[in-house]
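The structure appears right after this line, and notes come after that.
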Amino acid sequence: MKKSNPDCVIDSSVILDYYEVKGLSHLMGFPYRLVTLDLMIHDLEIPTPAEIANSGIISVETPVEIMLAMGQLSAAYKISTFDAALLLYAKTTNSILLSGDKALRNAAKKEGAAVKGTLWVLESLVSNNILKSDQACFILERMFMLGRRLPPDEASSKILKWEQQR
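Under the working numbering, the first residue of the sequence shown is numbered 32, with each subsequent residue one higher.
Structure (structure tokens):
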């Protein structure tokens, strides 16, 4: 883990992208500290809190000031209260928000928060030699087969790039 990197606040869509392809364990080597809010973890049916913790994602207690403000932000952008809480936390801690949720990503951009997604995480795992390019291709192809919502053009270009590196 590199200390100079900002934290990444990970939402349920990115967690589920990796969980569905049995890839949560790959997040252990991610070069950023992955955090999420306890509020969001306890709302998920799958993966369990233990599975999330075992993947290296740190559960942070939701600060009171975020709990007080999340309803207003949720209403303003028509996002869930959990998503609003994650956005507020990422913004107040100067962290990168990791999300595949279009409405949340748009809200983050309007709020001036840095936002990335599943493909950026996968690219970081490859560029930091945590995953080999063929493993990344396999994971990404499985995500598509399982119906995970990813930008098709960007994903296809990553697959082509990684296939050339095999």
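Positions of the beta carbon are idealized from the N, C-alpha and C atoms, including for glycine.
Runs of alpha helix (DSSP H) with 4 or more residues, each lying fully within the region 57-98, are found at 69-72 and 80-85, listed in chain order. A Cβ-Cβ distance of about 16 Å is found for the pair Leu129 and Ala186, leaving them out of contact under the 8 Å criterion.
The residues Tyr50, in chain order, have a CB closer than 7 Å to that of Ile77 in the same chain once the five nearest residues on each side in sequence are set aside.
Counted as a single uninterrupted DSSP element, the alpha helix (DSSP H) harbouring Ile170 occupies residues Ser164 to Met176. Taking the Cα of Thr124 as reference, the smallest distance to any Cα among Asn137, Val66 and Phe113 is reached at Val66. Ile127: member of the beta strand (DSSP E) spanning Ile127 to Leu129, first to last residue.
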